[in-house]
Amino acid sequence: MSRLPITKTPKVYVGGAFIRSESGRTFPLNDAKGHFFANIPQCTRKDLRNAVEAAAKAGPGWAKRTPYNRGQILYRLGEMLEARAPEMAEAIALGGGKPADTALEVSCAVDRLIHYAGWADKFEQVLGSVNPVAAPYFNFTVTEPMGIVGVIAPAEAPLLGLVSLVAPAITGGNTVVALASEPQPYPAILLGEMLATSDLPGGVVNLLTGLRRELVPTFATHAHLRGLSAVAGPEERKAIALGAAESVKRTHLIKAEDKRDWLSGSAQSLYEIRAFLEFKTTWHPIGS
Amino acid sequence: MPAGTPQKALSRLLGEIGSVDAVGVEERVAKYAARSIKTASKVQGLKLAVSMVDLTTLEGKDTEEKVASLCRKALRPSDDPEVPQVAAVCIYPSMVRYARKHLGRSPVRVASVATAFPSGQTPFRTRLAEVKAALADGADEIDMVINRGAFLAGEFGRAQDEIAAVAEACGRATLKVILEVSELETYDAIRAASFLAMRVVRPGDFIKTSTGKTSLNATLGNNQVMIEAIRDFYLSTGVAVGMKPAGGIRSAKQALQFLVAVKETLGDAWLTNRRYRFGASSLLNDLIRQLQKQKTGAYQAPYYFSENSDSY
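Residue numbers (my numbering), protein chains in the order written: chain R, 1 to 288; chain V, 289 to 600.
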């Protein structure tokens, strides 16, 4: 019996919903052999603005979750990815990777999520401190999330690169607006479907697909984004530096030309969480 | 009163003024959201919208100091000198003297809700006394609520007489008649109430959608019904009545859609704060935010702009 093929319309995950670009634009995505695969949303500056609004709405609720609960949710995201690992490996393979490499990228991404899930209720003990002072005060330093963090994922490692930047930012209680790999956006579309089923409140992670040259300047200048975690080339870094200076924004930049090894254990650490935390020091009087 | 009378009264009035094609209205207003507004027009529209805002606080917890800060914001909404002042501040009658004090002789007008806002459920002599008290304290404009109870019971004459009496009491002050559209149920009833009010107010007075105290506030749909009533009334009598949607208009984008509706239905003559107003509090912040975006090219964070009142 023959059946008409049912193909999926790729949509981006913003504010807990799957949407098309407000512009209605798409760009064609071909597989490694050059065959048409799907039309991917070509998100605009307005989509970025809307995603930031969604992230802003989700921010206070996410920051108020207990660190333990944030860890549970990250772990659940790892579970969702693990369960759909073969499908995700196929999505990565669209870019032409070998089966062994794509499977490794997926399992490494799962491990990375579990790594940060573990840190969620522990980074505070390590990064916070009780400070000795020569006066009758308790003096202690605690961490707070910055707010909304922009993520610009690398072109390579379309899943692992994205996860490596997004996971530490949300572990710290920030919400994220991320731009997926431009040449290989499909794994990010699939990741959005997993985010939607992982108990992560809508708006905590918002994933956009589109062209870097259209969106990077707006990521740099949008004043509501408090930090920017980006893998960027020399020209982009300059644009980001200028825009971030204008809006007084923290940047955490990785040089695209350095070709970071995302599979390496050095691509995950406590310091990735610290990069998007604020530190608050409190003086509390004590009795005699 | 025998059953069926309110319906009869309504259909008799609709026979005179014509009824509303509800599906047509919904389809018409859906198109307003699809207009492409280019940069120069958008900036002009945003500034126009700022100049039309009735900056509002209507809460039990209002104090003199809160009204004072509202007045300061009304006089100088932004540190950008190109942003105009708003049209008026809109407050409860007990706050009128404070607003008068802080606005002085500036062009920003003092608008007071009166007549037992928002329900209107007190004896008429009490409501009228409230109007007179607000005027004596220095109100330039009175926002009255119609007697919805009388209207829904089909006692159009009574509802209309009350509006006429308040209009007379207003003297030189501008009157805005709040229909409270959410309690009128249908577009036909909104059109009927609009005509009842317009027949007894003076040129330059307003009709207004809602109090902002109920679940459903100003929408493009009921705005459209009311501005079409204003258009039809103007074409048949030559009397120009103003319009004020209130409640639920929070974003600059919505405000521009309302202005598109006015432009396409009533024309340029209504694109002034003497004939069109927005009853809002948080709208002003978003208008300024979008103006700043147009000026700098960068999207702005909401916390760069001052806090607003919680009421619509």
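Cβ coordinates follow ideal geometry from the N, Cα and C atoms, glycine included.
Item                                                                                                                                                                             : Value
Buried or exposed, going by whether 16 or more other CB atoms sit within 10 Å of the CB of Glu257 (chain R)?                                                                     : exposed
Taking a Cβ distance cut-off of 8 Å, strictly less, list which residues of the region 218-242 of chain R are near chain V, in chain order.                                       : Thr218, Thr221, His222, Ala223, His224
Three or more C-beta pairs under 8 Å: does that hold for the region 396-413 of chain V against the region 433-440 of chain V?                                                    : yes
Considering only C-alpha positions, which residue in the set R:Ala93, R:Leu160, R:Met80 is nearest to Leu263 (chain R)?                                                          : R:Leu160
Is it true that the CB of Glu124 (chain R) sits closer than 7 Å to the CB of Thr143 (chain R)?                                                                                   : yes
To test your reading of the DSSP string, which unbroken beta strand (DSSP E) runs of 3 or more residues are found completely within the region 465-530 of chain V?               : 494-496
Quick check on Val374 (chain V): does DSSP put it in helix, strand or coil?                                                                                                      : coil
Per the DSSP calculation, Trp283 (chain R) is bridged to which residue(s)?                                                                                                       : R:Asn139
If you draw a straight line from the alpha carbon of Gly150 (chain R) to that of Ile576 (chain V), how long is it in whole angstroms?                                            : 24 Å
Classify Glu516 (chain V) as buried or exposed, calling it buried when 16 or more other Cβ atoms lie within 10 Å of its own Cβ.                                                  : buried
Decide yes or no for the touch test of the region 373-391 of chain V against the region 339-348 of chain V: beta carbon pairs closer than 8 Å, at least 3 of them.               : yes
For the alpha helix (DSSP H) containing Ser329 (chain V), list its first residue and its last residue.                                                                           : 327-339
Go through its chain and collect everything with a Cβ distance to Ser470 (chain V)'s Cβ below 8 Å, but skip five positions before and after it.                                  : Ser498, Thr502, Ser503, Leu504, Asn505
Would you please state the rounded distance, in angstroms, between the beta carbons of Lys330 (chain V) and Leu544 (chain V)? I believe it to be under 8 Å.                      : 7 Å
With 7 Å set as the bound, which would you pick, yes or no: does the beta-carbon of Gln542 (chain V) sit closer than that to a beta-carbon of chain C?                           : Absent from the structure: chain C. Protein chains present are R and V.
Run down chain R in chain order and give the residues with a C-beta less than 8 Å from the C-beta of Tyr592 (chain V).                                                           : Ala223
Write down the C-beta distance between Leu215 (chain R) and Cys43 (chain R) rounded to the nearest angstrom, noting that I regard them as a contact closer than 8 Å.             : 7 Å
With a Cβ-Cβ cutoff of 7 Å, do Tyr320 (chain V) and Val550 (chain V) count as a contact?                                                                                         : no
Quick check on the DSSP output: the beta strand (DSSP E) that includes Ala232 (chain R) runs from which residue to which?                                                        : 225-232
Measure the Cβ-Cβ separation of Val308 (chain V) and Val454 (chain V) and say whether it is below 7 Å.                                                                           : no
Hey, which unbroken runs of the beta strand (DSSP E) at 3 residues or more fall wholly within the region 418-458 of chain V?                                                     : 429-433
According to DSSP, which residues form a beta bridge with Glu144 (chain R)?                                                                                                      : R:Glu278
Residues of chain V with a CB under 9 Å from the CB of Glu246 (chain R): which are they?                                                                                         : Thr584, Ala586
So Val176 (chain R) packs on Ala17 (chain R), CB below 8 Å; how close in whole Å?                                                                                                : Their Cβ separation, rounded to whole angstroms, is 16 Å, which puts Val176 (chain R) and Ala17 (chain R) out of contact at 8 Å.
Beta-carbon separation of Gly203 (chain R) and Ala58 (chain R) under 7 Å?                                                                                                        : yes
With 16 as the cutoff for other CB atoms within 10 Å, does Pro132 (chain R) come out buried or exposed?                                                                          : exposed
Just to confirm my understanding: we take Phe444 (chain V), look at its own chain, exclude 5 residues before and 5 after, and list those with CB closer than 7 Å. What are they? : Ala297, Leu301, Leu484
Quick test of the definition: if touching needs 3 or more C-beta pairs under 8 Å, does the region 20-27 of chain R touch the region 551-564 of chain V?                          : no
For Thr281 (chain R), which residues of its own chain have a beta-carbon under 6 Å away from its beta-carbon, when the five flanking residues on both sides are left out?        : Thr141
What's the gap between the Cα of Glu90 (chain R) and the Cα of Lys581 (chain V)?                                                                                                 : 42 Å
Please name the residue in V:Trp558, V:Gly509, V:Val419 whose C-alpha comes closest to that of Glu456 (chain V).                                                                 : V:Val419
Note down the Cα distance separating Asn510 (chain V) from Val313 (chain V), rounded to an integer number of angstroms.                                                          : 9 Å
Show which residues of chain R have a CB atom less than 7 Å away from the CB atom of Ala589 (chain V).                                                                           : Ala223, His224
Suppose contacts are defined by Cβ-Cβ distances below 7 Å. Is Ala427 (chain V) in contact with Val465 (chain V) by that definition?                                              : no
Use the C-beta contact count for Arg565 (chain V): other C-beta atoms within 10 angstroms, 16 or more gives buried, fewer gives exposed.                                         : buried
Could you check the C-alpha separation between Gln72 (chain R) and Gln268 (chain R) for me, to the nearest Å?                                                                    : 19 Å
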